[in-house]
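Worksheet: the structure to be examined is printed underneath.
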Amino acid sequence: MYNVDQYFEPETIDEATALLAEHPNLLIIAGGTDVLIKMHSGKIAQADLLSIRKIKFLETIQKRQDGTLSIGSLATFTQIANDPIIKENIPVLKEAALSMGGPQIRNVATIGGNICNGATSADSASTLFALNAKLKLQTQGGERVIPIEDFYLGPGKVDLKPGEILTEIVISPEDYQDYGGHYIKFSMRKAMDIATLGVSAICRIKNGVFEDVRIGLGVAGPTPLRCQEAESFAKGKTVSAQTLAEIGKLAVKSTKARTSWRASKEYREHLVEELSQRALKVAIKNAGGESLA
Amino acid sequence: MLKKISFTVNGKEVSLEVNPGETLLEVLRKRLGYTGVKKGCAVGECGACTVLIDGTPTDSCIYLAVWADGKEIITIEGIAEDGKLSKVQEAFVEEGAVQCGFCTPGLVLTTTAMVQSGKKYTREEIKRELSGHFCRCTGYQNIIKAVEKSLED
Amino acid sequence: MTVNVVGKRVKRVDAVAKVTGKAKYTDDFMERDMLVGKILRSPYAHAIVKKIDVSKAKALPGVEAVLTYKDVPDNKYATAGHPYSLDPKHRDREDRTILTKKARFVGDEIAAVVATDDLTAEKALKLIDVEYEVLEPVLTPEDALKENAPLIHEEYDNNIISDFGYQIGDVEESFKESDYIFEDEFETSIVQHCHLENHISYAYVDADDRIVIVSSTQIPHICRRIVGQALGIPWGRIRVIKPYIGGGFGNKQDVCLEPLNAALTLAVGGRPVKIDLSREECMIATRTRHAFKYKFKTGVSKDGKLIATHITAISNNGAYASHGHSIAMSAGTKFRPLYSFKSIKFDPVTVYTNLPAAGAMRAYGVPQIKFALESHMENIARKLNMDPIEFRRRNLLGEGYVDPLNGNKVLSCGIHECIAKGKELINWDEKKEKYKNQTGIKRRGLGMACFSYASGTHPVGLELAGARIVLNQDGSVQLQIGATEIGQGSDTVFAQMVAEVLGIPVDMVHVVSTQDTDISPFDTGAYASRQTYVTGMAVKKAALEIKEKILNFVWGMTDIPAEALDIEDANIVYKHSGEVVMPLSKVAMQTYYDTVFAKPITSDTSNNARVNAMSFGVTFAEVEVDIKTGKIEVVEIFNVHDSGKIINPQLAEGQVHGGVSMGIGYALSEEMLFDEKTGKPLNNNLLDYKLPTIMDTPDIGVAFVETHDPTGPFGNKSLGEPPAISPAPAIRNAVLDATGVAFDRIPMTPQRVFEKFKEAKLV
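Protein chains in written order, with this note's numbering: chain A, 29 to 321; chain B, 72 to 224; chain C, 1423 to 2185.
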């Protein structure tokens, strides 16, 4: 039994934001796979919950006419892994979704919850970083849309203001069209694990040259992050093993890894260098480039 | 603060008042007596408490009972029909997939959902579908065999 | 006796109950108004309770009792699931009380509450005010051995539980005869059993003022005795019931909850109280596998013959003695029947540290020593430039070996055949050739490791097992045993044994799976891979006895001499022709209802085994190593066992699968981690403790070399624990083969591998 006193279950977003405005202490719960586990461990001793599970439209995954992809914050990882729009347009997110937890967790865990939990290890985050995803946050009075990078403030800390609900994750057409991508989750186990390092690489290639490269990393710092130096270096460079090697080295420069009992800084940095190249190699192939040995 | 909820368990309608902090696992085991649903970790790490909610394998330990309102729940007690073992249960018995038996109900339910999906699975896909269940006794070998047998036409 | 069911793939007798969810485990029994017991655990690894105030907790509505160390008997007791010894010197170290004033590890039990529900109990725990005097924690065995180390148990002079060892021959003399001396050091980590069902029990006082404890235990009869000792009450006042249990692997061969549970029910006037440990508690406050550090110094002749070995071992026992030095001694004993040494010196020391208490775990000290020894053997073979298999073969002992210290004699040994079979299964020669001179990022290699093990604990422990059979009116029988089914399949093999001897189908043998110390025959329980061997003999004797009684009864009925009769397929038949005389059910009815001769037939026997059969086997493993990331993948793995006659191949394979999987986790991913300064556990949950998932587990190949051991009831020997012994060194040796890097520590986690590769300049 979890220590829950108040419990609300609105069916529309307006009701939900109104309740939040009225009861600022309410904790938003969706799939429950983070909130309830924190309650079990005592990190949250007691909570009054606002469940957004009944706001059905938040489950929607759609491609708008202009090509913008919209993923409702309540979309579960299983839903994302099986969704034809995701599969066709951003299969790298499908890879990330499938790497998360195990089937029963994926069946209930939501992408919105994964982001709002604020963990650097969130399996969807590095890919959403690479895709320049934007987050739509709604309040009783209105809404704001911010880049996902600005949402993460620190370990377990996100810029979710009082009264706000994350409703939608938006990816613009120019950020994914003609890109190929690949996600590598490096963990001790192949399932039911948290990443030692998560690497999501996407790229666009023309005539053997990188038009664009974006690398999102999880667990390489207190929040997910992008490898800006490596990305700027890559632009316009010929796709080659040498370029990749340099990208790998530069990727490390963007990291802020630290030593914890899970892994040392040195090891994580070594993995960044190696796995960013491996992820990019597959991304190159997926972007229609020549495969590198 | 109690909430009234109604749902079905193994086809039987149930209405009761629950505390919002109660888990589906607790309601099924302690209040309704479905003790075939096992608790191994209480945080969704082991899969022993898996039940089918509207056909989907779900860890009932991190699923609030209030969420079950209006759902169809299947527990291990609802798998055998008229005392006859289901194909999945038969396969688990035949292939020696059972040892201590504590992970077994959850695994039988996930396998049942796989059979009901009508999909074909490669061996790797079978492993992925079962990867939310820990078993310390069997090394998973005979479980895989049992699942393959369950999925045979 | 013709073999009908022994040796067959008979379906588990409890399989249907388990696939339908009908099998009842401890938590599935719903006593009315069951209260909840919860434990206040020390946040410090080493501390003394200066003040404790429970008044606020007691005042909380719904709290029925709060107990501290002041409120429980001050009797020191030992928790290990060993048979009692009439010789006080042979008993386990009695070093704990039900609750403690002195915390000896993070999680130690200071106080307990009984409340109407979980939430109230948890709130009450938070309301207990404790003032601790925090002491310096002793977190490594080396620190514990230092001269001025803080004492973990003040009543002893130092932190050493025991340093008793042995010497066979004279190693120093033998070293002089040796052409080469090789030295190696190895280290294993603390791991945990991770049975799916956590420790759980409930207790109440019945109408006759007796304490009834229902518990997930491997050792109900031992549990009764230890609860009696802990509470200082007559043992007969306690009744322990063991229903189905969700795995044990040795962790439930220890009495962890029951004494406190008994004290809690007594504190609330005998009302039922349940203690249901969370996973997080279970991983620190039950038992773990001892971490060992081994040093080997071995003398070898030019032609690759082992001459002498001097083994030094440090065993990290954690905060309480539990099985204590028995683990080190088991290690030092069970490896001996494998290789021939002229001299052996074994110098172990078992020490207390401020970490969770280590106890019994599958194969009881042997996975640790075999990781070290088989890695050492591999290193020696490579230094001698000898084929590692040939080197081992040259030194194997085999049949006829008599252990000079315990007198156990090897009467059957199939180790040579096991090696040959394993080599063939993995395609050793061809692959060895193929994997020469690899330079890529992913490299493959092959490794192997051998083991020897025992069947039970004779002559160290008393090996007593009881069996009782009752003939029912329909000719079926009940079998009662004191030995416990914990998932390993003992109920099924016992049913097969009875069916075999009695000449009835297995489904006519009803095994009473629940042990109840008031009813079940005495047996010390499930451990030491003893049950098919030791209890099996009790079952066989009981079946022979009941058969004799049945045939004598028929003699009385028919005047056909018992010697001329037999039982086949539940019919009484003429032995010479097989012609049916009458159905067994007819005899059975007469035994119950004949107005003159009725006398229901039962048998009740006990077996005190003073023999011990050695079992043997080998693991062959192929790995692929990612040089850049340090990740090791087991590509193929085969275990080949000589466990004598295999009673049920399907169940036997299942034991091997599970043991190998545990061995793979031991080799590659599992270890309990603690903060180096505070001793706080870091990964006591199933997310952070890396138990292999189905996706991490390769196909596991199993084969048996069936010898016949004359001391086993059907020629059988131990099988439950042995599969967990040799996978880790075989995997380690395969990594050495693939990369040239010799690991001396498990688990070989990716980071550890990376660091070692860096040292070796591979990355």
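In this text, a Cβ means the ideal position worked out from N, Cα and C, and glycines have one as well. This one's a predicted model, so the numbers in the text were calculated from it and none came from an experiment.
Asked: Contacts around GLY210(B), its chain only, beta-carbon distance under 6 Å, and the 5 residues preceding and following it disregarded; Found: none
Asked: Sequence-distant residues of its chain with Cβ nearer than 6 Å to PRO1642(C) (five each side left out); Found: VAL1662, LYS1664, GLN1937, THR1939
Asked: Other residues of its chain near ALA217(B): CB distance less than 6 Å, five sequence neighbours each side excluded; Found: ALA162, PHE163, GLU166, ALA168
Asked: Under the three-state DSSP convention, the category PHE2136(C) falls into; Found: coil
Asked: In DSSP terms, what THR239(B) is bridged to; Found: An answer regarding residue 239(B) cannot be provided, because it is not within the stretch 72 to 224 covered by chain B.
Asked: Under 8 Å (Cβ pairs) to chain B, residues found in the region 1434 to 1445 of chain C; Found: ARG1434, ASP1436, ALA1437, VAL1438, ALA1439, LYS1440, VAL1441, THR1442, GLY1443, LYS1444, ALA1445
Asked: Outcome for TYR2015(C) when other beta-carbon atoms lying within 10 angstroms are tallied against a minimum of 16; Found: exposed
Asked: Bounding residues of the alpha helix (DSSP H) (the contiguous stretch that carries GLU196(B)); Found: 194 to 201
Asked: Residue burial classification, TRP289(A) (beta-carbon count within 10 angstroms, cutoff 16); Found: exposed
Asked: Identified DSSP bridge partners for CYS231(A); Found: GLY208(A), VAL241(A)
Asked: Minimum Cβ-Cβ distance from CYS1616(C) to chain B less than 8 Å; Found: yes
Asked: Boundaries (first-last residue) of the beta strand (DSSP E) holding GLY1869(C); Found: 1864 to 1875
Asked: Endpoints, the alpha helix (DSSP H) within which ILE1655(C) is located; Found: Run containing ILE1655(C): none; DSSP gives neither H nor E here.
Asked: Cβ shell of LYS1446(C) (< 8 Å), same chain only, five flanking positions each side left out; Found: PRO1665, TYR1666
Asked: Contact set between the region 71 to 83 of chain A and chain B, restricted to residues whose Cβ is under 8 Å from the partner; Found: LEU77, SER79, ARG81
Asked: Separation of PRO1465(C) from ASP2064(C), as counted between CA atoms; Found: 47 Å
Asked: Minimum Cβ-Cβ distance from GLN160(B) to chain C less than 8 Å; Found: yes
Asked: Option nearest LYS213(A) by Cα separation, candidates SER228(A), GLU39(A), PRO250(A); Found: SER228(A)
Asked: Cβ-Cβ distance between ALA2089(C) and PRO2149(C) below 8 Å; Found: yes
Asked: Extent of the continuous alpha helix (DSSP H) run through ALA73(A); Found: Premise fails: ALA73(A) is in no alpha helix (DSSP H) and is neither H nor E.
Asked: Residue interval of the alpha helix (DSSP H) (run including LYS2180(C)); Found: 2172 to 2181
Asked: Cβ-based neighbour list, ASP111(A), same chain, cut-off 6 Å, excluding 5 preceding and 5 following; Found: ILE89
Asked: Proximity to VAL1428(C) [Cα-Cα], best of VAL1923(C), ARG1866(C), SER1477(C), SER1723(C); Found: VAL1923(C)
Asked: The beta strand (DSSP E) enclosing GLU2044(C), as first and last residue numbers; Found: 2037 to 2048
Asked: Whether GLU1569(C) touches SER1623(C) by CB criterion (8 Å); Found: no
Asked: ILE1863(C) classed as buried or exposed, judged by whether at least 16 other C-beta atoms fall within 10 angstroms; Found: exposed
Asked: Local conformation of ILE1941(C) per DSSP, three classes; Found: coil
Asked: Beta carbon proximity, ILE133(A) to chain B, threshold 8 Å; Found: yes
Asked: Alpha-carbon spacing of GLY191(A) relative to ASP76(A), whole angstroms; Found: 14 Å
Asked: Contacting positions in the region 218 to 241 of chain A - beta carbon closer than 9 Å to chain C; Found: LYS218, ALA219, MET220, ASP221, ILE222, THR224
Asked: Continuous alpha helix (DSSP H) stretch holding THR45(A): start and end; Found: 41 to 50
Asked: Buried or exposed by the 16-neighbour rule on C-beta atoms within 10 Å, applied to ILE1941(C); Found: exposed
Asked: Members of the region 297 to 320 of chain A that neighbour chain C once the beta carbon cut-off is set at 8 Å; Found: HIS298, LEU299, GLU302, LEU303
Asked: Distance CB(ILE1550(C))-CB(VAL1471(C)) smaller than 8 Å; Found: no
Asked: C-alpha distance - VAL1535(C) paired with ARG1701(C), whole-angstrom precision; Found: 19 Å
Asked: N- and C-terminal bounds of the beta strand (DSSP E) containing GLY1721(C); Found: 1713 to 1722
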